[in-house]
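Written below as structure tokens is the structure these notes are about.
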Amino acid sequence: MKLSILILFLICSLNARAQTRYIDRGGKASFFSSAPMEDIKAETDQALSILDIKTGEIAASMLMRSFNFKKALMQEHFNENYVESDKYPRATFKGTITNIDQLDVHKDGVYSLNITGQITIHGVTKPLNVTGEAVVDKGAIKAKAFFPLAVKDFDIEIPRLVVMNIAEQVEVTVSFTYTPMDDASMKK
Amino acid sequence: MKFLSAIVIVFLLPFRPALAQDDLLNILDQESPKETSIVEQTFKGTRLINGHSIETRKKGVLDVIISHRFGRINSGGYQLFGLDDSNVRLGADYGITDRLNVGAGRNSFEKTYDGFLKYKFVRQQKNDSRNIPLSVAGFSSIALKTLKTGDPAGEPDFNSRLTYCYQILIAKKFTSSFSLQLSPTLVHRNAVPEFQDPNDIYALGAGGRIKLTKRLSLNAEYYYQFNRRDGSLIENSAAIGFDIETGGHVFQLHFTNSRAMIEKGFITETTGDFFDGDVHFGFNISRTFQLGKRAQ
Numbered sequence: 040m041k042l043s044i045l046i047l048f049l050i051c052s053l054n055a056r057a058q059t060r061y062i063d064r065g066g067k068a069s070f071f072s073s074a075p076m077e078d079i080k081a082e083t084d085q086a087l088s089i090l091d092i093k094t095g096e097i098a099a100s101m102l103m104r105s106f107n108f109k110k111a112l113m114q115e116h117f118n119e120n121y122v123e124s125d126k127y128p129r130a131t132f133k134g135t136i137t138n139i140d141q142l143d144v145h146k147d148g149v150y151s152l153n154i155t156g157q158i159t160i161h162g163v164t165k166p167l168n169v170t171g172e173a174v175v176d177k178g179a180i181k182a183k184a185f186f187p188l189a190v191k192d193f194d195i196e197i198p199r200l201v202v203m204n205i206a207e208q209v210e211v212t213v214s215f216t217y218t219p220m221d222d223a224s225m226k227k
Numbered sequence: 007m008k009f010l011s012a013i014v015i016v017f018l019l020p021f022r023p024a025l026a027q028d029d030l031l032n033i034l035d036q037e038s039p040k041e042t043s044i045v046e047q048t049f050k051g052t053r054l055i056n057g058h059s060i061e062t063r064k065k066g067v068l069d070v071i072i073s074h075r076f077g078r079i080n081s082g083g084y085q086l087f088g089l090d091d092s093n094v095r096l097g098a099d100y101g102i103t104d105r106l107n108v109g110a111g112r113n114s115f116e117k118t119y120d121g122f123l124k125y126k127f128v129r130q131q132k133n134d135s136r137n138i139p140l141s142v143a144g145f146s147s148i149a150l151k152t153l154k155t156g157d158p159a160g161e162p163d164f165n166s167r168l169t170y171c172y173q174i175l176i177a178k179k180f181t182s183s184f185s186l187q188l189s190p191t192l193v194h195r196n197a198v199p200e201f202q203d204p205n206d207i208y209a210l211g212a213g214g215r216i217k218l219t220k221r222l223s224l225n226a227e228y229y230y231q232f233n234r235r236d237g238s239l240i241e242n243s244a245a246i247g248f249d250i251e252t253g254g255h256v257f258q259l260h261f262t263n264s265r266a267m268i269e270k271g272f273i274t275e276t277t278g279d280f281f282d283g284d285v286h287f288g289f290n291i292s293r294t295f296q297l298g299k300r301a302q
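Quick note, the sequences are listed as chains A and B, same order. Residues 40 to 227, numbered by my numbering, are exactly what the first sequence covers, in order. Residues 7 to 302, numbered by my numbering, are exactly what the second sequence covers, in order.
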């Protein structure tokens with residue numbers, strides 16, 4: 040009897056924990072670089088992110104090769120020479136929403152989130168603090184953040200010859216629509 | 007109590023994978039889509055040096071290529087080591103699909119027009135379900151010589167001014183900085199210079215590149231002819247050069263014993279002896295333009 044209660048309790052606690060997790064498997068991420076010669080924009084709609092509304096933990100991951108550029112050759116060079124996607128296939132972020140207690144998923148509205156964590160691109164990890172905006176709408180959380188990144192912080196070298204074509208700073212935009220994560224739908 | 011805890015542990019075991027996923031990034035790793043694994047950029051340009059590389063331009067991409075071969079370096083200071091004399095090819099490649107390219111060009115050498123088709127039917131890739139170790143493309147070109155012979159008996163007819171070339175390009179990117187290519191080739195000439203010359207020349211091209219930095223690579227290429235006529239003055243084509251890539255441009259600077267920039271020319275009509283100093287300095291400049299919408 041004791042045992043079954045214990046097991047029941049364990050199962051319940053695991054489930055409860057899972058339901059605090061929200062995921063988006065088709066998030067959008069884009070970056071934009073504005074240089075004298077050329078504006079460069081690339082985007083992906085295959086970014087992944089997961090959020091635990093209880094602990095405030097948040098993580099995001101995306102394949103560098105999933106970024107689409109307007110120019111095919113630019114995309115090849117991006118993967119081959121700049122971010123070296125063979126060696127470093129993903130960009131990741133891991134952090135915490137420090138004011139998660141202010142987010143109420145049962146109350147529709149707009150919330151401002153302070154996120155602090157670490158971003159890894161091209162094998163280089165840097166601290167990142169961003170302020171994001173979250174809109175709670177019928178149990179889903181639509182979150183958006185916008186932040187600049189300096190290319191050289193991530194050991195991505197821009198050759199002198201193309202300095203006029205690529206800005207040293209790129210503007211990154213990410214937007215995710217989180218829905219409760221269903222354990223059953225998880226890929227094994 | 008011991009017995010009970012043992013049972014609890016046994017019952018808990020199935021949950022262990024769930025607990026191991028506590029790190030959110032680990033969960034995302036499992037959710038992550040399978041990466042497309044088609045190997046790109048085996049070479050920087052669509053030409054290795056003289057010959058075509060396995061590379062095709064993507065759908066909707068127009069690649070304008072301007073190529074030069076100067077005169078022989080051993081022609082001396084009076085000719086500024088060959089720079090006074092130059093052959094030009096103006097041409098463009100276009101990506102009909104990511105695999106199928108067409109191209110055309112005009113060569114000042116013998117006032118020759120050329121056109122080609124290139125289709126990449128096998129793409130090197132590696133993922134969980136597939137492992138294709140190399141890329142294979144089929145290549146076919148045609149060249150029309152329009153230089154007037156000035157023969158009082160009349161100019162050769164249209165057919166005898168045509169030459170065809172067929173190649174299978176087999177390439178492998180071994181590492182991100184090392185690639186090799188083999189190019190079995192057949193050149194068919196409707197008309198030959200000498201009566202004893204074969205109409206069909208069989209050749210094998212071999213070439214490769216080593217990347218010296220991310221944007222600079224060292225390339226080499228050699229075409230061996232199997233059935234040259236005995237006593238023929240025709241040499242095998244050899245070339246060595248650098249590829250320099252700057253965003254939308256690829257600059258290829260090289261030294262070769264061949265004057266012509268199309269297959270029938272450099273494979274079957276090279277007269278310079280590379281090791282005797284009959285070397286031409288040359289370059290290809292490629293600039294790509296995205297015309298059509300990209301295939302996703």
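Heads up, the beta-carbon is just placed ideally off N, CA and C, and yes, glycines get one too. Values in this document were obtained by computation on a predicted structure and should not be read as measured data.
Close Cβ partners of residue i (< 6 Å) along its chain, the five nearest in sequence each way excluded
{"i": "K217(B)", "result": "S183, S223"}
{"i": "V213(A)", "result": "A68, A184"}
{"i": "R95(B)", "result": "S73, G111, N113, M267"}
{"i": "G278(B)", "result": "N263, D284"}
{"i": "K270(B)", "result": "A149, T169, C171, V193"}
{"i": "F232(B)", "result": "Y208"}
{"i": "F295(B)", "result": "L68"}
{"i": "V169(A)", "result": "I154, A184, F186"}
{"i": "S81(B)", "result": "G88"}
Exposed unless 16 or more other CB atoms sit within 10 angstroms - verdict on residue i
{"i": "K177(A)", "result": "exposed"}
{"i": "S100(A)", "result": "buried"}
{"i": "M103(A)", "result": "buried"}
{"i": "H286(B)", "result": "buried"}
{"i": "E119(A)", "result": "buried"}
{"i": "V67(B)", "result": "buried"}
{"i": "Q173(B)", "result": "buried"}
{"i": "G298(B)", "result": "exposed"}
{"i": "R167(B)", "result": "buried"}
{"i": "T155(B)", "result": "exposed"}
{"i": "S189(B)", "result": "buried"}
{"i": "R136(B)", "result": "exposed"}
{"i": "G156(A)", "result": "buried"}
{"i": "S73(A)", "result": "exposed"}
{"i": "L152(A)", "result": "buried"}
Sequence-distant residues of its chain with Cβ nearer than 8 Å to residue i (five each side left out)
{"i": "K146(A)", "result": "V175"}
{"i": "F180(B)", "result": "L186"}
{"i": "I318(B)", "result": "Limits of chain B in this structure are 7 at one end and 302 at the other, which puts residue 318(B) out of reach."}
{"i": "V198(B)", "result": "P204, N205"}
Contact set between residue i and chain C, taken where Cβ atoms lie within less than 9 Å
{"i": "V70(B)", "result": "Looking at the structure shown, chain C is missing, and the protein chains on hand are A and B."}
Neighbourhood of residue i by C-beta distance below 7 Å, restricted to the same chain and skipping five residues each side
{"i": "Q228(A)", "result": "Because residue 228(A) is not part of the residues shown, which for chain A are 40 to 227, the question remains open."}
{"i": "R22(B)", "result": "For R22(B), the pLDDT reaches just 47, beneath the cut-off of 50, and the residue's location in the model is therefore unreliable, leaving the point undetermined."}
{"i": "N56(B)", "result": "E227, S243, A245, T262, S264, M267, F272"}
{"i": "A55(A)", "result": "Only weak support exists for where A55(A) lies, its pLDDT of 49 falling under 50; the value from the coordinates is given anyway. Closer than 7 Å at Cβ, skipping near neighbours: no residue."}
{"i": "E161(B)", "result": "K154, T155"}
{"i": "K50(B)", "result": "S223, D249, E251, V256"}
Could you run through the stretch 50-61 of chain B and flag, in chain order, every residue whose CB is less than 8 Å away from some CB of chain A? Those residues of the stretch 50-61 of chain B that come within reach of chain A (Cβ to Cβ, closer than 8 Å) do not exist; the list is empty.
Contacting positions in the stretch 120-146 of chain A - beta carbon closer than 7 Å to chain B: The stretch 120-146 of chain A vs chain B, Cβ under 7 Å: N120, D125, P128, T131, K133.
If the cut-off is 7 Å on Cβ atoms, which residues from the stretch 210-221 of chain B count as contacting chain A, listed in chain order? Listed by position along the chain: K220, R221.
Can you give, in chain order, each stretch of the beta strand (DSSP E) that sits fully within the stretch 235-276 of chain B and has at least 3 residues? Runs found: 243-252, 255-262.
Report the residue ranges of all alpha helix (DSSP H) runs contained in full by the stretch 22-94 of chain B; include only those spanning at least 4 residues, in chain order. Given a length threshold of 4 residues, each whole run of the alpha helix (DSSP H) inside the stretch 22-94 of chain B is given here in chain order: 22-26, 30-37.
Along the stretch 172-193 of chain B, what residues have a CB closer than 7 Å to any CB found in chain A? So the list reads S182, given in the order they occur along the chain.
Do three or more CB pairs link the stretch 156-172 of chain A to the stretch 122-140 of chain A at distances below 8 Å? The answer is yes - the stretch 122-140 of chain A touches the stretch 156-172 of chain A, with three or more Cβ pairs under 8 Å.
If the cut-off is 9 Å on Cβ atoms, which residues from the stretch 147-179 of chain A count as contacting chain B, listed in chain order? Answer set for the stretch 147-179 of chain A: empty.
Please name the residues in the stretch 67-94 of chain B whose beta-carbon is closer than 9 Å to at least one beta-carbon of chain A, in chain order. Listed by position along the chain: V67, D69.
Counting Cβ pairs, one atom from each stretch, are 3 or more of them under 8 Å apart for the stretch 76-90 of chain B and the stretch 45-62 of chain B? They do not touch, by the three-pair rule.
Quick one: which residues of the stretch 140-158 of chain B get their C-beta closer than 7 Å to a C-beta of chain A? List them in chain order. Correct list: empty, as no residue qualifies.
In chain order, what are the residue ranges of uninterrupted beta strand (DSSP E) at least 3 long that sit wholly in the stretch 156-225 of chain B? The stretch 156-225 of chain B contains these whole beta strand (DSSP E) runs: 168-181, 184-195, 206-219.
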